[in-house]
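**Student:** Submitted below is the structure of interest, expressed as C-alpha cells.
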Amino acid sequence: LSSITTQTLVPGTTDDWEDVTRWDLSYQWLDGGGWNGDEYPILWLDSIQQVGLAGGNGTQIALPPTTFEATFRNNAVSIELDSVEFPRIGAVNNGLGGRSEVEYEQENPCPEMAQYPPSDIWDDSGYDCYFITTRYDIVNDDWYYYGEVYAKWLVTSVTDIDMVGGSPSQVTSYSYEDDPGWAVPDNPLAVRDPFMPEDYTEWRGYGQVTTTVGGGSGSSGVSTTSAKFFRGLGRSITDFDGHSVPDPIELNGRTLQEQVRDSNGENSSTRYEYEVVETGGGPGTRNPSRVNQTREVSREKTTTGWRYTDTKTTYNSDGLPKTVNDYGDTSTASDNTCTSITYARNTTTWMLNYHASEEKHAGDDCTSGDLLSRTVYLYDGASDPSANTPTHGNVTETRAYSTTTHYATIKSTFDNYGRPLTTTEPSDPSEQSPKTTTTTYTPAVGWPWQGVTVKNPLQHQVTTWSSQYNGQPVGMQDANDNKVNIDYDVLGRTLQLWTPDAPKPDRNDTDLSDNPPAAKVTYTVTGSQPSRTMASRLQSGAGTRTPKYTSTYTYSDGFGREREVQTASPTGGRIVQVTTYNERGLTERTSAPVYNGSAPGSGLLNPAWSTVPQWSKQEYDRLGRVTAQVDMTADATGEKEFRRTTTNYLGADKYEVIPPVGGKTVYYTDAADQVTKIEEWLSGGGSGQQAAAVAGPVPPGSSSNSSAATASATSQAAPAQPSSSAASSGAAAQPEVRAAADAALKAAVKQGKRVQVDAATTDSSVVYANPDGKTFTAEFTAGPSRVKQGQSWVPIDTSLVDEDGVLRPKAAAAQVEFSTGGTGVFAKMTRQDGTVFALSWPSALPRPSVKGNTATYADAAGPGADLVVTALATGFRHDVVLRRRPSGPVEYRLPVETSGLTLKTAETGGLTLSDKGGTVVAAAPTPVMWASSTPDAGADAKGKRRPRKRGKITTSVVQEQGRQVLVLQPDPGFLADPATTYPVTIDPTTTLPLSSDTYVIKGESSTHAGDSELVAGAVFNFVGVEVARSYLKFDTSSLAGATVSSATLSAYQMWVDSFECATGGIVAARVTSSWNPSTVLWTNKPTTTTSGQATASETGGCSGDRSMTWRVTSMAQAWASGTANYGIELRGTDESNAADYAVGFASSEVGYGDPPTLSVTYTLPSAPAASKLSITPVTGSAVSSLTPTLHATVSDPAGGNLRADYEIEHDPAYTAEGTGQIW
C-alpha cells in the first residue's frame, strides 16, 4: 500500500470525482542482524506524508512527513539461540520538529541458564520472558520436555524532544509493579499436539503501572499517576479500600483503579466494579459474554480525611444503562439522585439504543422522590410513548417536563438524509402560535452547493455555503444581505477572509488587484525550523490597489505549542511576546512585550530571561495546579520578584488565594467542585495551612473513635519463642473455624472465586477458600496488620487524628494517645488488661504539627530541639531531634506514669516493662542517637543513605518524689564532635509491646526493634563494609498438619543502597533458634539452616517502591509438619568486603499497609465426617426388610475419593433386641 486518496463527488454530477487528500506511505526493508537478518528482512513503515489536493486543479501541497525510526532488541534468552531481533518504534518525528524517543527495558529479566524448567512453572515465574516447548522425549516411561525462552520488552519511557523551538524535553516514564502475568492462550479452534504441554505465552502485563511525567527539580516537578489492572489470571487483587476483588479472564485488560499522587502520597483515587453477563454459548472453556461497568467509587483527600463519591449503574438485557444512582458525597444523602433511562426499540432492524426517556429523581429511588427532570423522546413521527418504534432514528418530538404532568414540546421534521427541515417550539402544548424554524437545502438531493438557508420564526434568514471538500463554511449571507467569504488552501487551511467592508470580487472579475481581502494567512512548515504562521489584517485601502496590512507572526515549537508572537515595532524592529514550557508541558513563563531590532518573522528570538524587562512565571504542584503566579523583572543586578499571588490547596474541599497586597480569600467546595462558602480575610497572607495528609484505606463513615483500638495490645514473652505447629491443634482444627472453612470452600466453588473464611481472621492473618474446592490460602503478616473494631476487622492505619482533645491513631493494635499541647503526659499506652504506661514532659508543650503518624512539638526540648512522637502499629516511639549543635551537654528527664507496670533498665541498656508478677510484658531496645547521613553524589539518586554515625545514650530509671523518672543522657562527645552532622536524632525507641521483626548490623551494640524498616545486605559506608541481616516471624500455627502446595514471602522495598547499582540478591533462610527482637544483636543472632532457603535477585534497577519475593514452600511445609517456627532471616547473597548491595524493607511497624507478608496455599489435614445417617425401608420405627439399604453422606475437606464403612450395633435402650424377630 503506497498511498490512500480521499475523493468527493463534484456537486451537480453523478460520477465525477475530485481528489481531496492523499496519504503517501513509504517503506524500507530492515535487517535485524540475528537469524532473521539478510535472509528474512522485515518490512518497516518508514513514513506517512499528507498531501493536500482539495480544489487545487492539479496544485498540491505536501506537509513534512511523519517518520518512524526503528530500534532493535534481542528477544532470544536461551543461550543456545542465535540473536532474534525485531524492530520496535525507537523514535517518531512528527514533521513539525518534534521527536518522541522510546526506551525499552525489562523490569524482571530472565536469568541465563543452561537449561530452563518446563512450561508448567512459567505462569507465575516472575520474569519478563516466556517458555515455548519445542520437543519432548520419553525415556524409561519418563517424559522430558525441552524448549526455548524468549524475552518480553517493556516501554519504560517516552521522551518528547523539541528539536526546533528550544522547549525542554518532556519525559514520561513508566514503572511496573506486581509480578508479570502470563497465561495459556485460550483458542478453541487451535490444533495442538495432545502430548505437548500448554505453554504460558499469552502476555497479561503487570498488575500496576505508574506513570511519571516530567523530571524537574523538587517533588513538585513531576506528576505521578498509577493504574491497577485486571489480568484475568484467576487470582484476587486488592483495591485502595482493601477489598479483595476476583480477577476473571473476562476482565482482562480492564482498569481496577486509578490513583493520582502528590507530595504527600495519594491525593485522589477512583476504582471501578464490573459485572460479567454471558450472552450465549460457544466452543472452548468460556461462553461469549459482555462486561458492564456497574460502579465507580472515588475518594479525594480533604482537610479532615477522605471524601468519597459513589455511582452505581444497572443495565438492561441489551447492555444499555437502565438506572444510574449518583450518591454524590457518601457522607450525606442530601445530594443523592437516581436517573432511569428507557429505550425505544425496533428489534426487526436492531435499533435498540435510542433513548425514549430520561428521568431524574432526588434520593435513591428512581420512581419516588422529588422530580428533578424528565425528558421524553419520540421517533419518526410517533405521537405517544406507547407506540414509539424508531425506523430512521430521528427525534421528531421532545417533551421536557417541569412537573409530573406538565411539559413543553419541541417537534422536528427531517429529510431523507436525516437533516432537520423544521423545528417547532411551542412553549406549551396548548399554545396556538407555534414558533417554527425552517431549513432549506439547495439542491435538495446531493451536496447543497447552492447553500443552506435557515429561516427563523420572524422570517429572518441566513444562507451558508460550505466546502464539499471538508464541510467548512466558504460563504455566509445574513438577513441584511451582508456577505462573508473564506478561502482555503488545498490542505483545508484558511487563506483569505472577505467581509462586507472588503467584499470578495465577483467570480467573473478577473482583475483582483483592487479587491484586497480583509485578512490573509500564510504558512511555513518545514520540519527543520519552528513552524510560522503569518496573519495579516487589512488596516486601510479596502477596494484599492494600495492596501495596508499589519502582520502578526506566530512561531510554534516542535509540538505545535505557541512559542512567540512577533509584530512590527513602529520604530523598526519587532515586538516579541514569549511563552515557555516546563518539563511537564505546562506553561512556565510568559513575557510582557519585549523589543528586538530584527525584523518580525525573521526567526525565533528565544531571549535569555535576564534580558526580558518583565515577565510572569507559574509555579505548580504535583497535580499540575498553579500554586503561585509570580511577576518578575530583570535589570543589571539580576532577576527580581515584585508581585506574587499564591494559591494553597488545603484539600479537595478547601483552597485559599493570597493576593500580593495581603489578606486572603478562602474557598470551600463540595464533592462536585462547586463553591459552597467564601471567606475574606483581612490578614493571613504569610503562609497557608499545611495541606491535608491522610493515609488510607479509610472507608467513609468510619467511627470517630476508631483509633481507640479495641483489639488487643497482645503481649509476647521476652524471648521470641517458636510457634510449633505440632504443639498446636491449629486454627483450622477449632470446630467453629473448621465449619466456617467448609462453608467457605463450598461458596468458593459455587461462586468461582475465592471466599474469605471470616472466622479464621486474626490480627496478623486472613484465610481464603479457593474455588478449586480443595485448597485454602492463608496470608500472614509479621506482626499485626489489622484490628477489630466492633464486629469488623479494619487495616491498621497509624495516621493521627484529633479526638476529644488528644491525638490517636485511626486504627492500631495498641491504644495510644498523644498530647495536643500543654503540661503533663505527652504519650500514653493502655494495654488490653488495663495496665498503663505513660511518659510526661517536664515543661509545657506547644501544639504539635501532625503529619501522618507523627506529631512534632517544635522547640519543646529547647531552641532548635524538637520532641517527635510517632504512633506505631503496636505502640509508639519518641525522639528528640536536635536541629543544631547544643552549646553543652544535654539531659532529658521524663516522668513515668504506670498502672500495674514497672519500668526497669535491662542488662543490655534497654528498657523493660514488667507486670506485678515480674513477667516482662514489653520492652524497648537500647536507646541510640544518630547524625544525619552525608549525601553521596555517586549513589543512585533513587536510593536512600542510612545514618552512618551513631552515638550512645546513657539510660537510667530513678525514683523522684515517689514516681519513676526516665533519665536520658546523650554522649556529649558525640554531640560536640565536628564530624557529627546535624540534625541529630536522639531515639529512646520505646515501642509497646514487643516487635515481631527487627534487624542487626555487624559491629553495632544497639538494637533496632520497633524501626519502620528492615535492612539486609552489605554496602560500603565510607570506612568499610556494613553488613546487616533482618529477622521476621509469622504465626503459622493454623497450618498444623496441613499439606502446603506453595508459599511466597514478600517484603516491600522502601529503598535500595548501592554505589554501582549492582545486581544483588537477598537470601531468605529458615531460623533454627530463638531470638528476642528487643535484645538481638549481631553477636547473639540466631542460627539458620540452608535447607529450603530461597534467593531473590535485584531486578528493579536498584530503586525502591516495589516488592521482593521468595518461594519458601519448603519452610512453610516444615512448620506445618511440626518443625519449630523461629522465623526467617534475610541476608545478602554477598557479605564480603567487595559487597555493595543493601535493601531497606518496610517492617511490621511501618504503620501504613506494607508489612512483610507470607502467602501459603495448602490443603487441610484429613478429617472425614459422616452425616445424614438413615436406613430404608422403614415401617414406623422398624426396618421392614431383611436386606435394608444404609445411607450416609461422607465428606473430607482434604478432598479425594471416600469410602463409607457401616457398623451396626445393638441399642442397649431396647432390651428386646436380639430376641425373636428383632435383631
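Read in this note's numbering, the sequence shown has 1126 at position 1126, and its numbers run on one by one without any break.
Glycine included, each C-beta is placed from N, C-alpha and C at the ideal position.
What does DSSP give as the partner residue(s) for residue 411 in the beta ladder?
**Tutor:** Beta-bridge pairing links residue 411 to 397, 424.
**Student:** Should the region 166 to 180 be regarded as contacting the region 208 to 216, the criterion being three or more beta carbon pairs within less than 8 Å?
**Tutor:** The answer is yes - the region 208 to 216 touches the region 166 to 180, with three or more Cβ pairs under 8 Å.
**Student:** Are the Cβ atoms of residue 653 and residue 669 separated by less than 9 Å?
**Tutor:** Taking 9 Å as the Cβ cut-off, residue 653 and residue 669 qualify as a contacting pair.
**Student:** Using 8 Å for Cβ pairs, my map puts residue 786 next to residue 802. What's the rounded Cβ distance?
**Tutor:** Between residue 802 and residue 786 the Cβ distance is about 23 Å, and since that is not below 8 Å, they are no contact.
**Student:** From this set, 1130, 385, 965, which residue's C-alpha is nearest residue 997's C-alpha?
**Tutor:** Considering only alpha carbons, the answer is 1130.
**Student:** With a 10 Å radius around its C-beta and 16 neighbouring C-beta atoms as the bar for buried, classify residue 818 as buried or exposed.
**Tutor:** With 16 or more Cβ atoms within 10 Å of its Cβ, residue 818 is classed as buried.
**Student:** Taking three-plus beta-carbon pairs below 8 Å as touching, is the region 85 to 92 in contact with the region 119 to 136?
**Tutor:** Taking 8 Å as the limit for Cβ pairs, the verdict is that the region 119 to 136 does not touch the region 85 to 92.
**Student:** Could you check the C-alpha separation between residue 440 and residue 421 for me, to the nearest Å?
**Tutor:** For residue 440 and residue 421, the distance between alpha carbons rounds to 7 Å.
**Student:** Within 8 Å, do at least three Cβ pairs link the region 405 to 421 to the region 435 to 453?
**Tutor:** With the cut-off at 8 Å, the region 435 to 453 and the region 405 to 421 touch.
**Student:** Need the endpoints of the beta strand (DSSP E) that residue 972 sits in, please.
**Tutor:** First-last for residue 972: 972 to 976, but that is the alpha helix (DSSP H), not the beta strand (DSSP E).
**Student:** At the level of alpha carbons, what is the spacing between residue 356 and residue 154?
**Tutor:** Approximately 47 Å, taken between the alpha carbons.
**Student:** Touch check for the region 139 to 155 and the region 250 to 263: three-plus C-beta pairs under 8 Å?
**Tutor:** The region 139 to 155 vs the region 250 to 263: no contact.
**Student:** Taking 6 Å as the limit between beta carbons, can you name the residues of its chain near residue 455, skipping five residues before and five after?
**Tutor:** Excluding residues within five positions, the ones whose Cβ falls inside 6 Å are 438, 461.
**Student:** For residue 468, count neighbouring Cβ atoms within 10 angstroms of its own Cβ and tell me buried if that reaches 16, exposed if not.
**Tutor:** Classification of residue 468: buried, given that the 10 Å Cβ count is 16 or more.
**Student:** Taking buried to mean at least 16 other C-beta atoms within 10 Å of its own C-beta, is residue 1191 buried or exposed?
**Tutor:** Counting Cβ neighbours within 10 Å, residue 1191 comes out exposed, since fewer than 16 surround it.
**Student:** Could you compute how far the alpha carbon of residue 936 sits from the alpha carbon of residue 778?
**Tutor:** In this predicted model, residue 936 has a pLDDT of only 40, less than 50, meaning its place in the structure is not dependable; the value taken from the coordinates is given anyway. Spanning the two alpha carbons is a distance of roughly 42 Å.
**Student:** Under 8 Å: do the region 491 to 509 and the region 65 to 75 share three or more Cβ pairs, one atom per stretch?
**Tutor:** Too few Cβ pairs lie closer than 8 Å, so no.
**Student:** Reducing DSSP to helix, strand and coil, say where residue 148 ends up.
**Tutor:** The answer is strand: DSSP assigns residue 148 an E or B state.
**Student:** For the region 1089 to 1099 against the region 1029 to 1041, do three or more pairs of beta-carbon atoms, one drawn from each stretch, fall closer than 8 Å, so that the two count as touching?
**Tutor:** They do not touch, by the three-pair rule.
**Student:** With H, G and I counted as helix, E and B as strand and the rest as coil, what does DSSP make of residue 93?
**Tutor:** Looking at residue 93 - three-state DSSP - the assignment turns out to be strand.
**Student:** Is it true that the CB of residue 567 sits closer than 9 Å to the CB of residue 561?
**Tutor:** No; because the gap between Cβ atoms is not below 9 Å, this pair is not in contact.
**Student:** Exposed or buried, what is residue 987 when buried is set at 16 or more other beta-carbons lying within 10 Å of its beta-carbon?
**Tutor:** The residue is buried, with at least 16 neighbouring Cβ atoms inside 10 Å.
**Student:** Let me know if residue 1147 comes out buried or exposed under the rule of 16 or more other beta-carbons within 10 Å of its beta-carbon.
**Tutor:** Classification of residue 1147: buried, given that the 10 Å Cβ count is 16 or more.
**Student:** From which residue to which residue does the alpha helix (DSSP H) around residue 1114 run?
**Tutor:** It spans 1113 to 1120 - the alpha helix (DSSP H) in which residue 1114 sits, taken as one unbroken run.
**Student:** Find the nearest neighbour of residue 1224 within the set 1182, 1174, 760, judged by alpha-carbon distance.
**Tutor:** An answer regarding residue 1224 cannot be provided, because it is not within the stretch 1 to 1223 covered by the chain.
**Student:** Does residue 978 pass the burial test, meaning 16 or more other C-beta atoms within 10 Å, or should it be called exposed?
**Tutor:** So residue 978 counts as exposed.
**Student:** So the beta strand (DSSP E) residue 298 belongs to, where does it begin and stop?
**Tutor:** Here the beta strand (DSSP E) through residue 298 covers 289 to 301.
**Student:** With the cut-off set at 9 Å, would you say residue 213 and residue 270 are in Cβ contact?
**Tutor:** No, the pair does not count as a contact, with Cβ atoms beyond the cut-off.
**Student:** Where does residue 122 fall in DSSP's three states?
**Tutor:** In this structure, residue 122 counts as helix in the three-state DSSP scheme.
**Student:** What residue from 637, 600, 624 has the CA that sits closest to residue 610's CA?
**Tutor:** Taking only the C-alpha atoms, the option nearest residue 610 is 637.
**Student:** Under 7 Å Cβ to Cβ from residue 686, same chain only, skipping five residues before and after it: list those, please.
**Tutor:** Here the model assigns residue 686 a pLDDT of 40, short of 50, so the residue's position is not dependable, and the following value carries that caveat. There are no such residues.
**Student:** Between which two residues does the beta strand (DSSP E) holding residue 1029 run?
**Tutor:** Taken as a continuous stretch (DSSP letters only), the beta strand (DSSP E) holding residue 1029 covers 1025 to 1032.
**Student:** Suppose contacts are defined by Cβ-Cβ distances below 9 Å. Is residue 394 in contact with residue 379 by that definition?
**Tutor:** Cβ atoms of residue 394 and residue 379: closer than 9 Å.
**Student:** Whose C-beta lies closer than 8 Å to the C-beta of residue 584 among residues of the same chain, with five residues either side of it excluded?
**Tutor:** 170, 213, 214, 216, 221, 222, 223, 620, 624, listed in sequence order.
**Student:** What does the alpha-carbon distance come out to for the pair residue 776 and residue 1110?
**Tutor:** So the two alpha carbons sit approximately 20 Å from each other.
**Student:** Could you pull out every unbroken beta strand (DSSP E) segment of at least 3 residues lying fully inside the region 445 to 504, listed in chain order?
**Tutor:** Those beta strand (DSSP E) runs which fall completely within the region 445 to 504 and span 3+ residues are 452 to 455, 461 to 466, 473 to 477, 483 to 488, 494 to 498.
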